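Worksheet for the structure shown next.
In the UniProt record's numbering, the protein residues as written are 1 to 200.
This is the structure in structure tokens:
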């Protein structure tokens with residue numbers, strides 16, 4: 001686990017003041033990753049999604065030729081409980097002139113109920129195609145769940161295309177299980193979904 005990522009990754013809620021100079025570049029890259037990863041009917045209007053009060057976006061990014069690097073211990077201290085304070089400080093000190101690259105992102109919402117625990121709903125999780133199968137999706141998902149207090153303070157749920165085997169395996173690795181029957185034609189005719197809930 002020490003050589004978890006091939007680069008020095010940073011994590012941040014987006015949008016944020018610390019990354020304001022990169023705002024448009026980040027949006028453009030996220031929209032590009034989204035278009036390449038999902039069918040046309042599932043591509044989200046990212047600008048609209050991140051302005052919804054109920055939604056939060058967490059991004060993973062790195063800099064080309066970074067002038068500051070996290071050591072292995074600092075990188076492993078990014079737990080599901082919160083974003084590392086040391087890493088936030090490092091983010092603040094990065095030179096604005098550096099070229100930012102988006103590695104992945106997760107969009108989620110926290111839905112409140114008067115009769116049960118709040119629900120953390122995973123809306124979208126996406127990793128750049130060149131950086132998949134390196135643990136980044138797991139890290140983003142666990143950080144999301146940590147921020148919303150799953151499982152102590154909230155429950156978690158999501159829908160996933162039955163054909164996305166890698167995504168299903170990732171969710172199961174974190175503790176999600178399929179709940180209920182197959183949701184036929186959930187995305188479009190011929191494309192079904194599973195409903196998954198966090199059980200651990």
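Positions of the beta carbon are idealized from the N, C-alpha and C atoms, including for glycine. From a predicted model like this one, the values you see are computed outputs, not experimental measurements.
With fewer than three CB-CB distances shorter than 8 Å, the region 109-122 does not count as touching the region 9-17. Assigned with DSSP and collapsed to three states, residue 177 falls in strand. For secondary structure counted as the beta strand (DSSP E) over 3 or more consecutive residues, the region 100-132 holds these complete runs in sequence order: 119-127. DSSP places residue 139 in the helix class (H, G or I) of the three-state scheme.
The alpha-carbon separation between residue 44 and residue 38 amounts to approximately 9 Å.
Annotated as proximal: residue 100 and residue 63, with beta-carbon spacing under 8 Å. Taking C-alpha positions only, residue 130 is separated from residue 104 by approximately 10 Å. Per DSSP, reduced to three states, the secondary structure at residue 189 is coil, with no helix or strand assignment.
Taking a contact as a CB-CB distance under 8 Å, the pair residue 46 and residue 34 counts as one, their CB atoms being some 6 Å apart.
Counting only residues of its own chain and dropping the five nearest sequence neighbours on each side, residue 188 has a CB closer than 7 Å to the CB of 41. When beta bridges are read from the DSSP output, residue 196 appears opposite 158 and 178.
Note on geometry: alpha-carbon atoms of residue 120 and residue 156 lie some 4 Å from one another.
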